[in-house]
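> Submitted below is the structure of interest, expressed as structure tokens.
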Amino acid sequence: MTEKRLLNERIRQIHFTINTLEEKRAIASLAKDKNITILPADKGRCTVVLNTTDYDTKILSLLTDTATYEKLKRDPTSSYKKKVVDLLQKLEKDKAIDRPQYYRLYPGETIPCIYGLPKIHKPGTPLRPIVSSINSVTYNISKYLASILSPMGLYILKLSPQRFQN
1 MTEKRLLNER IRQIHFTINT LEEKRAIASL AKDKNITILP ADKGRCTVVL
51 NTTDYDTKIL SLLTDTATYE KLKRDPTSSY KKKVVDLLQK LEKDKAIDRP
101 QYYRLYPGET IPCIYGLPKI HKPGTPLRPI VSSINSVTYN ISKYLASILS
151 PMGLYILKLS PQRFQN
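For the sequence shown, full-length UniProt numbering begins at 1 and goes up steadily by one.
Printed below as a string of structure tokens:
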């Protein structure tokens, strides 16, 4: 089956799971087209092919919702980073953390990035906003705290399952 024919069959379905090498090649070929955005679906373990203009319109619609988001006058990353560094230095000075841990917790400089995953099970295929904070100011501290808190969450769930019943 040629890539073009495979694409024509699959694109009509809008979402699909990549199963074969042929399908992977077709997706790679599609990915070169700047008018097409390829994303995983919010649910269902499938791939969604969207018109880039439609995707951009939907994500911009999310971001311009003033009830949810506030436009900042300036990028606060450097001031947040300074606060985190000052706190880490204080913790190190007070011997609450050692030098290697200071470096493990040291903040990154990447600005968190928002993207949307299509909700294919909903009419109009709205986007679920996802904020990627990888290498951001709080990323390393967040990972550290999650490693401490995750086991506690499992313990709490085992202790009180009735709290989570309807």
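Idealized CB from N, CA, C, for every residue including glycine.
Taking just the CA atoms, how far does A41 sit from V85?
37 Å
> Are there 16 or more other CB atoms within 10 angstroms of the CB of P151, so buried, or fewer, so exposed?
P151 comes out exposed.
> Does the beta-carbon distance from I130 to G116 come in below 8 Å?
yes
> Would you give the residue range spanned by the alpha helix (DSSP H) that P100 belongs to?
99-105
> Within this structure, are the beta carbons of N35 and T57 separated by less than 8 Å?
No. Outside cutoff.
> Any contact between the region 139-148 and the region 95-112? By contact I mean 3 or more CB pairs, one from each, below 8 Å.
yes
> Is the beta carbon of L149 sitting closer than 8 Å to the one on I59?
The answer is no: Cβ separation not under 8 Å.
> Looking at the unbroken alpha helix (DSSP H) that takes in I120, where does it start and where does it end?
Counting along the chain, I120 falls outside any alpha helix (DSSP H), and DSSP gives it neither H nor E.
> How far does the alpha helix (DSSP H) with T37 in it reach, from first residue to last?
Note, T37: premise wrong, no alpha helix (DSSP H); beta strand (DSSP E) at 36-40.
> Exposed or buried, what is S147 when buried is set at 16 or more other beta-carbons lying within 10 Å of its beta-carbon?
exposed
> Can you give me the C-alpha to C-alpha distance between A28 and D54, rounded to a whole angstrom?
20 Å
> Tell me whether L145 is buried or exposed, calling it buried when 16 or more other Cβ atoms sit within 10 Å of its Cβ.
exposed
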